[in-house]
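Visitor: Mind having a look at this structure? Questions to follow.
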Amino acid sequence: MKISSQENLKIGIALGSGSARGWAHIGVIEALKDSGIKVDYIAGTSIGALVGAVLAASNIDKLKEIALQLDWKQIMGFFDVVFPKSGLIDGKKISDFIRDHLQEKTIEELPIPFCAVSTNLATGQEIVIKEGDVIEAVRASLSVPGIFTPAKKDGMIMVDGGLVNPVPVNVVRDMGADFVIAVDLNHDIIEKRRSQKALISGCGNNITNKGSGHDIQIKNRVLKALNDQLGTLDLPALNQIKHWMTKDPLPNIFEVLMESVYIMEAQISATRLKLHPPDLLIQPKLGHIRFLEFNRAQEAIDVGYQEAMKKIKKRF
């Protein structure tokens, strides 16, 4: 059904999880703006919660500016490796980064209604955070298990909302949205990995991938930076990890953890989207962007914008 008028419609947007692929949300938001579509409600999970909070604060242009300037040195600066029992990275630097770009301190102060989705680690329950400190809410939503230490809020230990609701369509509808636009960033991860595996096995040792040299350089920089930080910690439990990282395995431990989470989330998303179908589903093809590649912002933004415009033109 094509929407001819949205004067009486309250538009909500559900921004999904996806780590570095999350910059595509910026492109989707720009497409909505260029199409004259006003967003009345925002719900986000993980990176979707981060972008959603900034959008709710009417500061998305500044976030785009920062995203486009990110290089690997800056990206690695966010990784405050502490290696406690509950995660590799503390996440305080990421919280500080978000706080620097949000004037509002609480969700209630945001110009646009906003919710962040997290998971209660003890019960597996979906937790919708709709009030209180906005940074704490975002931090709780993006605490990827095994990577970031869990967040503590209201007596609960909370981790990435993507474990239960990667694309929170039901949340934004419950907020009061008449028409829900959902952005799913992980739908083609499994397909992409399968095609890459087939390409490599089919071509043998003679394979020549475009950009492979660049990918190797990126991998080496990331591994060295993480290994240097881990090397400052004198913990017996780190010996095996240090060994893996200095051997430069493919994939490395961080990729194994993150890709495992996102493959799981892709499956959960497919089920949840059938259970709670949005009115407009935007699925940018981003399976080729890995979780740490935040420096590929322009590419992700462009893909998000193009896919959103294609879907918008069919419905509005």
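Just so we're aligned: the sequence shown equals residues 337 to 652 in the working numbering.
The beta-carbon is built from N, C-alpha and C at its ideal position, and this holds for glycine as well.
(1) Do Ile-648 and Ala-350 count as a contact pair if the criterion is CB distance below 8 Å?
(2) Distance, Cα to Cα, Gly-468 vs Thr-442?
(3) Measure the alpha-carbon distance for Tyr-641 versus Arg-608 and round it to whole angstroms.
(4) For Lys-488, does the three-state DSSP call read helix, strand or coil?
(5) In three-state terms, what does DSSP make of Ile-657?
(6) Measure the alpha-carbon distance for Arg-435 versus Asp-370 and round it to whole angstroms.
(7) State buried or exposed for Thr-459, treating a residue as buried only when at least 16 other CB atoms are found within 10 Å of its CB.
(8) In the DSSP assignment, what are the bridge partners of Asn-456?
(9) Within the same chain, show all residues whose beta-carbon is closer than 6 Å to that of Asp-615, passing over the 5 residues directly before and after it, in chain order.
(10) Which residues bound the alpha helix (DSSP H) around Gly-404?
(11) Can you look up Ala-602 in the DSSP assignment and give me helix, strand or coil?
(12) Around the C-beta of Leu-628, are 16 or more other C-beta atoms found within 10 angstroms, so that it is buried, or is it exposed?
(13) Going along the chain, which residues of its own chain have a beta-carbon closer than 6 Å to the beta-carbon of Ala-379, five neighbours each way excluded?
(14) Please confirm whether Met-600 and Val-480 have their CB atoms less than 8 Å apart.
(15) By DSSP, does Val-654 sit in helix, in strand, or in coil?
(16) Gly-358 lies in the alpha helix (DSSP H); which residues open and close that run?
(17) What residues are listed by DSSP as bridge partners for Thr-442?
(18) Do we get a CB-CB distance below 8 Å when we pair Gly-384 with the residues of chain D?
(19) Mark Ser-394 as exposed unless 16 or more other C-beta atoms lie within 10 angstroms of its C-beta, in which case mark it buried.
(20) Closer than 7 Å by C-beta to Ala-392: which residues in its own chain qualify, once you throw out the five before and the five after it? Chain order, please.
(21) Flag this pair as yes or no: are the beta carbons of Ser-596 and Gly-497 separated by less than 8 Å?
(22) Given the structure, does Thr-381 come close to the ligand ZN, in the sense that its CB is under 7 Å from one of the ligand's heavy atoms?
(23) Which term fits Asn-344, buried or exposed, when burial requires 16 or more other beta carbons within 10 angstroms of its beta carbon?
(24) Determine the DSSP secondary structure at Val-519, reduced to helix, strand or coil.
(25) How many Å lie between Phe-652 and Pro-620 at the Cα?
(26) For the alpha helix (DSSP H) containing Ile-383, name the first residue and the last one.
(27) Applying the 10 Å Cβ sphere with the 16-neighbour rule, what's the burial state of Glu-472?
(28) Since Ala-403 and Asn-522 should fall inside the 8 Å C-beta cutoff, what is the C-beta to C-beta distance between them, to a whole number of angstroms?
(29) At the level of alpha carbons, what is the spacing between Pro-585 and Gly-623?
(30) Between Ser-605 and Asp-520, how many whole angstroms is the CB-CB distance? I'm expecting something under 8 Å.
(31) On the criterion of 16 or more Cβ atoms from any shown chain inside 10 Å, does Leu-478 qualify as buried, or is it exposed?
Guide: Straight from the coordinates:
(1) Taking C-beta atoms as the reference points, Ala-350 and Ile-648 fail to come closer than 8 Å.
(2) For Gly-468 and Thr-442, the gap between their C-alpha atoms comes out near 5 Å.
(3) The C-alpha of Tyr-641 lies about 24 Å from the C-alpha of Arg-608.
(4) The DSSP-derived three-state label of Lys-488 is strand.
(5) Because the chain here runs from 337 to 652, residue 657 falls outside it and cannot be looked at.
(6) Their backbone Cα atoms lie some 28 Å apart in a straight line.
(7) By the neighbour-count rule (16 or more Cβ atoms within 10 Å), Thr-459 is not buried but exposed.
(8) Answer by DSSP bridge pairing, in chain order: Met-494.
(9) Residues Phe-515, Val-516 of the same chain have their beta carbon placed closer than 6 Å to that of Asp-615, with the five preceding and five following residues left out of the count.
(10) Residue identity check: residue 404 is Leu in the sequence provided, not Gly. Where Leu-404 is concerned, the enclosing alpha helix (DSSP H) stretches over 396-405.
(11) The answer is helix: DSSP assigns Ala-602 an H, G or I state.
(12) A residue is called buried when at least 16 other Cβ atoms come within 10 angstroms of its Cβ; Leu-628 meets this threshold and is buried.
(13) In chain order, Ala-350, Cys-451, Pro-504, Val-507, Val-508 place their CB closer than 6 Å to the CB of Ala-379, counting only its own chain and leaving out the 5 sequence neighbours on each side.
(14) Not in contact: Met-600 and Val-480 (Cβ atoms no closer than 8 Å).
(15) Within the shown structure, residues of the chain are numbered from 337 to 652, placing residue 654 beyond reach of any answer.
(16) Per DSSP, Gly-358 belongs to no alpha helix (DSSP H) and is neither H nor E.
(17) Secondary-structure assignment with DSSP links Thr-442 through a beta bridge to Asp-469.
(18) Chain labels in this structure do not include chain D; a single protein chain is all it has.
(19) Note on Ser-394: under 16 other CB atoms within 10 angstroms of its CB, so exposed under the neighbour-count rule.
(20) For Ala-392, where only same-chain residues beyond five positions count, the Cβ hits under 7 Å are Ile-378, Leu-446, Pro-447, Ile-448, Phe-450.
(21) Not closer than 8 Å, so no.
(22) By its list of ligands, the structure shown contains no ligand whatsoever, and the ligand ZN lies outside what it can speak to.
(23) Its Cβ having fewer than 16 others within 10 Å, Asn-344 is exposed.
(24) In this structure, Val-519 counts as strand in the three-state DSSP scheme.
(25) For Phe-652 and Pro-620, the distance between alpha carbons rounds to 19 Å.
(26) Where Ile-383 is concerned, the enclosing alpha helix (DSSP H) stretches over 383-392.
(27) Glu-472 is classed as buried because its beta carbon has at least 16 other beta carbons within 10 Å across all chains shown.
(28) Under the criterion of beta carbons closer than 8 Å, Ala-403 and Asn-522 do not qualify as touching, at roughly 19 Å.
(29) Only weak support exists for where Pro-585 lies, its pLDDT of 46 falling under 50; the value from the coordinates is given anyway. Straight across, the Cα-Cα distance linking Pro-585 with Gly-623 is about 21 Å.
(30) At roughly 6 Å, the Cβ-Cβ gap stays under 8 Å, so Ser-605 and Asp-520 are in contact.
(31) With 16 or more Cβ atoms within 10 Å of its Cβ, Leu-478 is classed as buried.
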